[in-house]
Structures are given as C-alpha cells and as structure tokens.
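*Asks:* Remember, the numbering used here sits 6 above the position in the sequence shown when you count from 1.
Built from N, CA and C at the ideal position, the CB exists for glycine as well.
Bear in mind the structure is a predicted one, so any value in this text is a computation, not a measurement.
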Amino acid sequence: MATGTVKWFNAEKGFGFISPDDGSADVFAHFSAIESTGYRSLEENQRVEFETARGPKGLQAEKIHAI
C-alpha cells in the first residue's frame, strides 16, 4: 500500500486529491473509496494509506484509510 497526504478534499462534491509520499503525481480520491463507517470524508493534510488503480481519467486511490 502507498501512503500520502490529502492535498484537498471537497466534502460537498465527494472528491479530492492525495499527494503520494513517493513524489509521484497526485492521485484522485473519491468518497466511495474511503474505508470507514458513517460519513466518509477526508481532511486537508490528513495522512492516509491507499492503493492505486487506473481509472477512466488516470490514477485513482482505492481502499483509502487514515493512518
């Protein structure tokens, strides 16, 4: 699994971007990929662990959870 920091996340729209620790390009993050119970959202500068997959618009995060 990769680790990174949430660059920004718009809770109203349900998406944002994660900056991976390895310095690679930012990864798209959708609220449906957040593994938590209840309201799924991320906070700016929050540390997360995630997997990446190729989506229709490039790399996207999957199985996102806070660390």
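Would you list the residues sitting across from Leu5 in a DSSP beta bridge?
*Replies:* With the chain represented from 7 up to 73, any question about residue 5 goes unanswered, as that position is not in the structure.
*Asks:* With distances taken Cα to Cα, identify the nearest neighbour of Gly10 among Thr58, Lys63, Phe37, Gly64.
*Replies:* Checking every option, the nearest Cα to that of Gly10 belongs to Thr58.
*Asks:* If you check the beta carbons only, do His71 and Ser47 fall under 9 Å apart?
*Replies:* Not a contact, by the Cβ cut-off of 9 Å.
*Asks:* For the beta strand (DSSP E) holding Asn16, just list the boundary residues, first then last.
*Replies:* Unbroken beta strand (DSSP E) run through Asn16: 8-16.
*Asks:* Per DSSP, what kind of secondary structure is Ala35 in: helix, strand or coil?
*Replies:* Looking at Ala35 - three-state DSSP - the assignment turns out to be strand.
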